[in-house]
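2 protein chains.
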Amino acid sequence: MVPSISDILRETVLGPGPKPIKPTAIHPLDGLSVAEVERACEIAKNNRPDQHIWIKLCTLREPPKALLAPYLEAERRGEEPTRPPREVDILFFILETRDLVEVIVDLDAEREVKSFVVKTHHAPLDRVELNEAKAAMLESPEFAQVVKELAIPAEIIVPQGWPYGADDAVDHPRRIFYILYTRDPKTNHPDSNHYAFPLPVTISWDIWGKKVTSVDWCYTGGEKDSFVKGTGPKQNPTAGCQPGEILPELRTNKVRDDLKPLHVTQPEGVSFKVTGQLLEWQKWRFRLGFNYREGPVLHDVTYDGRPIFYRISLSEMHVPYADPRPLLNMRQVFDFGDVGLGRSANSLENGCDCLGVMHYMDTAEVDPSGNGRLVKNVVCIHEQDNGLLWKHTNAPTGRAAVTRQRLLVLQTIITVGNYDYIFAWHFDQAGAIHLESRATGILSTGPIDLGKKSIYGTVVSPGVLGTSHQHFINIRIDPSIDGHKNTVVQEDVVRLPYSEENSSGIGFAVESTPITKSGFADADPLNGRSFKIINPNVINPISMTPVSYKLVPHPSQLRLAHPDALITSRAPFTQHHIWVTKYADDEVFCAGQYTNQSYGKAGGVKEWTERGDNVENEDLVLWHTFGLTHVPRVEDFPVMPVETHTITLKPCNFFTENPAIDVPLSNQSFNKSTTVDTGSVEANPCCAGNGL
Amino acid sequence: MVPSISDILRETVLGPGPKPIKPTAIHPLDGLSVAEVERACEIAKNNRPDQHIWIKLCTLREPPKALLAPYLEAERRGEEPTRPPREVDILFFILETRDLVEVIVDLDAEREVKSFVVKTHHAPLDRVELNEAKAAMLESPEFAQVVKELAIPAEIIVPQGWPYGADDAVDHPRRIFYILYTRDPKTNHPDSNHYAFPLPVTISWDIWGKKVTSVDWCYTGGEKDSFVKGTGPKQNPTAGCQPGEILPELRTNKVRDDLKPLHVTQPEGVSFKVTGQLLEWQKWRFRLGFNYREGPVLHDVTYDGRPIFYRISLSEMHVPYADPRPLLNMRQVFDFGDVGLGRSANSLENGCDCLGVMHYMDTAEVDPSGNGRLVKNVVCIHEQDNGLLWKHTNAPTGRAAVTRQRLLVLQTIITVGNYDYIFAWHFDQAGAIHLESRATGILSTGPIDLGKKSIYGTVVSPGVLGTSHQHFINIRIDPSIDGHKNTVVQEDVVRLPYSEENSSGIGFAVESTPITKSGFADADPLNGRSFKIINPNVINPISMTPVSYKLVPHPSQLRLAHPDALITSRAPFTQHHIWVTKYADDEVFCAGQYTNQSYGKAGGVKEWTERGDNVENEDLVLWHTFGLTHVPRVEDFPVMPVETHTITLKPCNFFTENPAIDVPLSNQSFNKSTTVDTGSVEANPCCAGNGL
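Just so you know, the sequences run in chain order G and B.
Sequential numbering from 6 applies to the first sequence in this note's numbering.
Sequential numbering from 6 applies to the second sequence in this note's numbering.
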């Protein structure tokens, strides 16, 4: 086999000898350093001196809970426990055999402790692989033929490579398909928004075979003739399209000039403390992990010393499209499994992505040759004012007590092809954790004949169909509500029957249903449904009920594809909002470890629930699937204003009073607001009454 | 009849002669000035020289749409149209006859143009009336007897007066009922949180008759004996209660001392312009009204010159409780109809309620004697940063384009008894309007025997039951989407059947159902349901579909009381999320004009829909009911961290592209962020690339 670009890169860049690491001061949950990444890969490569390997992933293998949980507890007690072995998961291809191999390297022992070949699954895609494939596809005779038939210059064409969604339940060769676009032909500017010029053709590519497997001309019809090919012009098919530029320098209309600056300052510094990856803020204490796949991970979350969550992360995001016409129906991406949240993270910048006083966290990534690289600023950490936290005016005296709400915000922004997502974990002062997700970026577009409409989406620019789609995000919540033995309880609020006591018919009450066996449940907002994670062994002395944290599931629309459709079997986690499993190490990804080109055999949360494990008063995991059905608006093009959703985990009879009761009352000497009229900072009577 | 305190006040404070106003420069939607309030009342009083009147309300009567709409349109065209007559609605009692009278005064003509007696309805409550009633009740022999039986000092007792919810379909005398509490007996501090010491007795009061009508001892039992009275001690019944103070000076634990200041500054001033009550910001233009009942009202809302909404306001808030046991089952308040959002508004303060650079709006209120008073700062207007607005990184080049989101925020905070609410209208730069509502304040509490739990709520402090309840808010949306002829369309997203075209079973599409006759509909998030207000006469040239604004209804739980319960007939608007009526002047309050002591005959949106009017391509009104079922948490006591809900009206194929595409890219020279590590304001590459 011919060595690839990265083979050469690996041979030339990587030094010769081993680089030992002494990780004694490293916390078990610290992300791998660049040196650790390189050392782990070195060990794996040294074990295979006669083979060329293409490294896909190199990431911290978190210690098993049986070791890590006692470690964290001892640490919180102020002890200095012995660190569990520092292990690394590496995934690579052996180029000679095309075997996909998982190994576990023990960095302390400097050796591989496990190695096995992965069968019938495909590794995720990586940037180098995608770039090489694209370069090769652009050199193919089939591409040249397409260019000729389109009668447009090859140099304006932008192919967007996609994970190949399954069209049958067969283990296909490793492949990609390309949707072709052009830059604005008038400018061919490298940052021209090509999604405004979709070409009516897709090209499929065999990655290992380095060959085109098919050229598929799109169905470009409308409501009346959607399944008839080629009614649009084949030559210069985007002649009727118009530029849809995002960058001001490429647009003809001018930007607004009436927005005045707004600055956020913290003259006395920030209120949070960062020690390595340990964060402490307003009674919260947790470790912020970060990996290639889930991005930021919250570990060992406690409030005022009480454990609440062992681990919270984003488990998967799946985005299937509505248009069933080949080949655009292959848009069925698993963004975290096929690519990775962490490895799609933007390096954030002061003043652009982040306003105020920032702390940034970096991560180490690996290239196919095993070289590590520090990616800067993948998480920005800062405080935000969020309006009022609580207020009450005592009517008899008129005395007001008011507090403002401060948030600790951990923000990560990712780019996955056309779309961009902003994920932010918000910690508040009243014991709640919120996950805010914002979808932005550019719609995935396809061609449509000029003047036609489609039931599969919205015409967002002439000749451009913004295809309807669904976004499914799954959040994995591993609770430790005052300990690891917890139960998930479904709670509805129900009307009470008429009775002597309820003669007026106004009575209502909570109906509780504990989930005793691993399984699933759905949101039901019209019945006021919530899910509590209780610790049945710890009773709140005030309410006399078990301590708990509550999740009100986001009642988003579930999977629209047919239940027996192949796409549904690839992501059964999209069929229910709530899943409860018994905890198991390595059960982390709800659509399975290997989603790329999966065809219903990848495992995942549905399979794990089918074990029927006891999950009552047990070490359990709660998974919540939410998202949105996105029927594009014209307003979502050429770039989409953020579509925001928030999931909240809040204490429910966990504390013995409002945990934010001790937040200082707001006052003007602290907050220094001004009025437009005077511009001066004034004292005022309300604030005078508020002590700080 | 004996003159009341306010009768005397009116006689002594009010001057003799008329005070003419020349309102020629006044806009038809400007709120009444203090002088106008007093002049209007003077006219009404002068017409009744032989009678004593008690003024309940005096508010601007907005001109009928037939006059106002053309006026506003002409004004927007730059013309100087003739102002419609300046009319005032006054509501008052004639003390001699106890008649409740509505009059309309024409301030231009200086005369009453209409006057009629209101039959079988009760006026809302006012502060003077409540204070007088409470003072008299505290002097009653029945109260003295209660004090004696409780064996506690009278001076620690705090009676909380409530509108008397209906217990039968009869027109009762005007009345109030009191839930009795005590301050912390150890301090008897005037701002002690009395909701931590509920007494097991309520007192009902006849307002006109000035007498106690009943003394009712509460049911204080728990799950096993909830409908058996008096198992708790009658003497000193709160002996087992504990203080639940809010104010730091009354609490024993100390406030947090680790929160650092966070300041928001706008060194070049704000980006909005206020001209009287006209607000202009980022292509938005609207008039901000304010009245006693709805509080802030958005009039004549346009974006970039295109009309979108004629009028948006909060129509009603209704809060029924779950506990059917007399007399705490009478908690069925209509906060806006029984009392008034506007007249419950706090005077907001820099640095406490509001952070940053503020503009405030005042309002004029009336007292029973017809004296006007300026209430300062009932709305604060300011800008907020709201994170990112849109971002995309162009993968082929790595070039990122990112904008931050600025909001214009109009905030009003109200106190209604124990509860406080924060309502904020948010205007964004992408053409959307959001209503954010935050519930805070103190739970309505009742007594429960120590050590018992109840199905009707949560024990939030020893001996204190935080009763479960529902909050229903109704927002009234009078659209003018590119004109007054609009249609509401219900849209679901539905799975498509298998077919040759949809052979993979992944296809889905929108199912549209126009609402052609006045009626109702419900939220259905699991079917992706939204409601579009379309203008069928204006077609978006890009999407080729009617222009529209979209409401995704908040899928909150509807009325839990039985459909045939009396309480349901008082507020049928709580039975459905969406109501559509044909526009009619004076159809503004969804539970009817007179909610206080209503018993199913108050009219309102249900009655109006029953006319079966055509609402397709018609001047229509869309009403949305939303809220929450609130099962209290211990964490909600002694004061509740905000519970936040947001309703959004967003453009949907109204514009021809993302309306925020012209927002300048974010950059560091504009936003001046800092990093914790260095504290310095740095330039950076991303921002360097962003022009402003």
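Beta carbons are placed, not taken as given, at the ideal position from N, Cα and C, and that holds for glycine.
Span separating the alpha-carbon of C246/B from that of D390/G: Locating residue 246/B in the second sequence gives position 241, counting from the first residue. Locating residue 390/G in the first sequence gives position 385, counting from the first residue. Going from the Cα of C246/B to the Cα of D390/G covers about 35 Å.
May I have the straight-line CA-CA distance separating R443/B from I95/G, to the nearest angstrom? Residue 443/B sits at position 438 when you count from the first residue of the second sequence. Residue 95/G sits at position 90 when you count from the first residue of the first sequence. Between R443/B and I95/G, the C-alpha separation is close to 48 Å.
Three CB pairs or more closer than 8 Å across the stretch 456 to 464 of chain B and the stretch 635 to 646 of chain B: yes
Chain B contacts made by the stretch 636 to 665 of chain G, where a contact means CB separation under 8 Å: V636, R638, V639, E640, D641, F642, P643, V644, M645, P646, V647, K655, P656, C657, N658, F659, F660, T661, E662, N663, P664 and A665
Closest to D104/G by CA distance: which of T87/G, K124/G and R116/G is it? Residue mapping note: residue 104/G aligns to position 99 of the first sequence, counting from 1. For the residues T87/G, K124/G and R116/G, the minimum Cα distance to D104/G belongs to K124/G.
Which residues in the same chain as R330/B place their Cβ atom closer than 6 Å to its Cβ, once the five residues preceding and following it in sequence are excluded? By 1-based counting over the second sequence, the position of residue 330/B is 325. Excluding residues within five positions, the ones whose Cβ falls inside 6 Å are Y224.
So, using beta-carbon positions, are S197/B and L143/B closer together than 8 Å? Numbered from its first residue, the second sequence carries residue 197/B at position 192. Numbered from its first residue, the second sequence carries residue 143/B at position 138. Cβ distance not < 8 Å, so S197/B and L143/B don't count as in contact.
Please check the pair V784/B and S523/B, which I expect to be a contact at CB under 8 Å, by giving their CB distance rounded to whole angstroms. For residue 784/B there is no data in the structure shown, the boundaries of chain B being 6 and 697.
3 or more residues per run - each beta strand (DSSP E) lying fully within the stretch 118 to 175 of chain G: 162 to 168
Residues within the stretch 399 to 411 of chain B neighbouring chain G, beta-carbon criterion of under 8 Å: N399, A400, P401, T402, R404, A405, A406, V407, R409, Q410 and R411
T614/G: first and last residue of the uninterrupted alpha helix (DSSP H) it sits in: Stepping through the first sequence from its first residue, residue 614/G is reached at position 609. That run of the alpha helix (DSSP H) goes V610 to T614.
C-alpha distance - T679/B paired with P272/G, whole-angstrom precision: Here residue 679/B refers to the residue found at position 674 of the second sequence. Here residue 272/G refers to the residue found at position 267 of the first sequence. So the two alpha carbons sit approximately 11 Å from each other.
For chain G, find out if any of its Cβ atoms is closer than 8 Å to the Cβ of M549/B; answer yes or no. Start at 1 with the first residue of the second sequence, and residue 549/B comes out as number 544. Taking Cβ atoms only, chain G reaches closer than 8 Å to M549/B, which makes this a yes.
Leaving aside the five residues before and after G281/B along the sequence, list all residues of the same chain whose C-beta is less than 8 Å from its C-beta, in chain order. Here residue 281/B refers to the residue found at position 276 when the second sequence is read from its first residue. Same-chain partners within the cutoff: H32 and D35.
Of all the CB atoms in chain G, is at least one closer than 8 Å to the CB of A45/B? One-based indexing of the second sequence puts residue 45/B at position 40. Cβ-Cβ to chain G under 8 Å: no for A45/B.
Measuring from the CB of K139/B, is there a heavy atom of the ligand GTP at a distance below 7 Å? The ligand GTP is not part of the structure shown, which contains no ligands of any sort.
Give a yes or no on whether 8 Å exceeds the smallest Cβ distance from A435/G to chain B. As a working mapping, residue 435/G is identified with position 430 in the first sequence. Yes, A435/G lies at the interface with chain B (some Cβ there is under 8 Å from its Cβ).
Once DSSP output is grouped into helix, strand and coil, what is the label at Q673/B? By 1-based counting over the second sequence, the position of residue 673/B is 668. The three-state secondary structure of Q673/B, taken from DSSP, is helix.
V324/B beta carbon less than 8 Å from that of Q475/B: Indexing the second sequence from 1 puts residue 475/B at position 470. Indexing the second sequence from 1 puts residue 324/B at position 319. Between Q475/B and V324/B, the gap from beta carbon to beta carbon is short of 8 Å.
Would you please verify whether the beta carbon of R290/B is less than 8 Å from any beta carbon of chain G? Locating residue 290/B in the second sequence gives position 285, counting from the first residue. Not one chain G Cβ lies under 8 Å of R290/B.
Among the residues of its own chain, which have a CB less than 6 Å from the CB of P577/B, if the five just before and after it don't count? Translated into the one-based positions of the second sequence, residue 577/B becomes position 572. Around P577/B: K611.
Using the Cα positions of P190/G and P248/G, report the straight-line distance between them to the nearest angstrom. By 1-based counting over the first sequence, the position of residue 190/G is 185. By 1-based counting over the first sequence, the position of residue 248/G is 243. Their Cα atoms are separated by approximately 9 Å.
To the nearest angstrom, how far is the alpha carbon of I13/B from that of D55/B? If you number the second sequence from 1, residue 13/B lands on position 8. If you number the second sequence from 1, residue 55/B lands on position 50. Note that I13/B scores 34 on pLDDT, short of 50, meaning its location in the model is unreliable and no value can be drawn from it.
What residues in the stretch 102 to 134 of chain B bring their beta carbon closer than 8 Å to a beta carbon of chain G? Correct list: empty, as no residue qualifies.
Looking at the C-beta of P669/B, does it have a partner C-beta in chain G at a distance below 8 Å? Your numbering for residue 669/B matches position 664 in the second sequence. Yes - at least one Cβ of chain G is within 8 Å of the one on P669/B.
What whole-angstrom Cβ distance do L185/B and P164/B have, given they're in contact under 8 Å? As a working note, residue 185/B is residue 180 in the second sequence. As a working note, residue 164/B is residue 159 in the second sequence. So it is a contact: roughly 5 Å between Cβ atoms.
Residue closest to F477/B, alpha-carbon to alpha-carbon, out of I666/B, S320/B, V302/B and D667/B: As a first step, residue 477/B must be located in the second sequence, where it is residue number 472. Closest option to F477/B, Cα to Cα, is S320/B.
Three or more beta-carbon pairs under 8 Å between the stretch 358 to 373 of chain B and the stretch 36 to 51 of chain B, yes or no? yes
When Cβ atoms are compared, which residues of the stretch 353 to 387 of chain B fall closer than 9 Å to chain G? L353, E354, N355, G356, C357, D358, C359, L360, G361, V362, M363, H364, Y365, I386 and H387
Length-filtered (3 minimum) beta strand (DSSP E) runs lying within the stretch 320 to 354 of chain B: Counting only runs of 3 or more, we get 337 to 339.
Under 8 Å, Cβ to Cβ, is there at least one residue of chain G near Y183/B? Position 178 of the second sequence, counting from 1, holds the residue named residue 183/B. Y183/B does not count as touching chain G.
My parser needs the alpha helix (DSSP H) runs of 4 or more residues fully inside the stretch 47 to 121 of chain B; what are they? Correct list: 70 to 81.
H582/B and F660/B closer than 8 Å at C-beta: Translated into the one-based positions of the second sequence, residue 582/B becomes position 577. Translated into the one-based positions of the second sequence, residue 660/B becomes position 655. Not in contact: H582/B and F660/B (Cβ atoms no closer than 8 Å).
8 Å contact criterion, which L62/G and Y297/G should meet: CB distance rounded: Indexing the first sequence from 1 puts residue 62/G at position 57. Indexing the first sequence from 1 puts residue 297/G at position 292. Right, the Cβ-Cβ distance comes to about 6 Å (below 8 Å), so this counts as a contact.
Against chain G, does K27/B count as a neighbour if the rule is that its beta carbon must be under 8 Å from one of theirs? Indexing the second sequence from 1 puts residue 27/B at position 22. Confidence at K27/B is low in this model, with a pLDDT of 44, below 50, so its placement is unreliable and no value can be given for it.
Of the residues M645/G, H629/G and I666/G, which one's Cα is nearest the Cα of V647/B? Position 642 of the second sequence, counting from 1, holds the residue named residue 647/B. The residue with the shortest Cα to Cα distance from V647/B is I666/G.
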